[in-house]
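Student: Take this structure, written in structure tokens, and hold onto it; I'll ask about it next.
Numbering (our numbering), first residue to last: -6 to 132.
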């Protein structure tokens, strides 16, 4: 666990999450695979992709976040812990919450709802006009 190029705080946080779930390094099967996609020759000719498997739960993770194998090992463990937490504790991941929030915000309103909002806006504008001082036209 000490060979990850991340801060000590992040390593300790990952270790405590793994301990909380009863996940040990001995129970994990780790394989290194050649990468693909963006990243150039470094990705294509070195085994930077980390394939992490937890046979007891049947969860498998494949991670190719960056060009560094050590960093990908950390990310793979973090992804595995998140999946285990979701499976065991029923926690909804933060990413899923953000996706659904954005989806709700982008959702187009129905025509009727849009017309209602516009009529409310027009009415509030009308009320504001009534608050102004009368001009000579009004008298």
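Yeah, the Cβ is synthetic: ideal placement off N, Cα and C, and Gly gets one too.
What alpha helix (DSSP H) runs, 4 residues minimum, are completely inside the segment 38 to 119?
Tutor: Within the segment 38 to 119, the complete alpha helix (DSSP H) runs of at least 4 residues are 62 to 82, 87 to 99.
Student: Using DSSP's beta-bridge definition, name the partner residues of residue 23.
Tutor: Beta-bridge pairing links residue 23 to 45.
Student: Take every Cβ of the segment 9 to 21, pair it with every Cβ of the segment 31 to 51, and state whether three or more of those distances are shorter than 8 Å.
Tutor: Judged by Cβ distances under 8 Å, the segment 9 to 21 makes contact with the segment 31 to 51, as three or more pairs qualify.
Student: Quick one: what does DSSP say residue 7 is sitting in, helix, strand or coil?
Tutor: If DSSP states are grouped into helix, strand and coil, residue 7 belongs with the helices.
Student: Please state whether the Cβ-Cβ distance between residue -1 and residue 25 is less than 8 Å.
Tutor: Not closer than 8 Å, so no.
Student: Taking only the alpha-carbon atoms, compute the straight-line gap between residue 58 and residue 68 and give it to the nearest angstrom.
Tutor: Roughly 7 Å between the two C-alpha positions.
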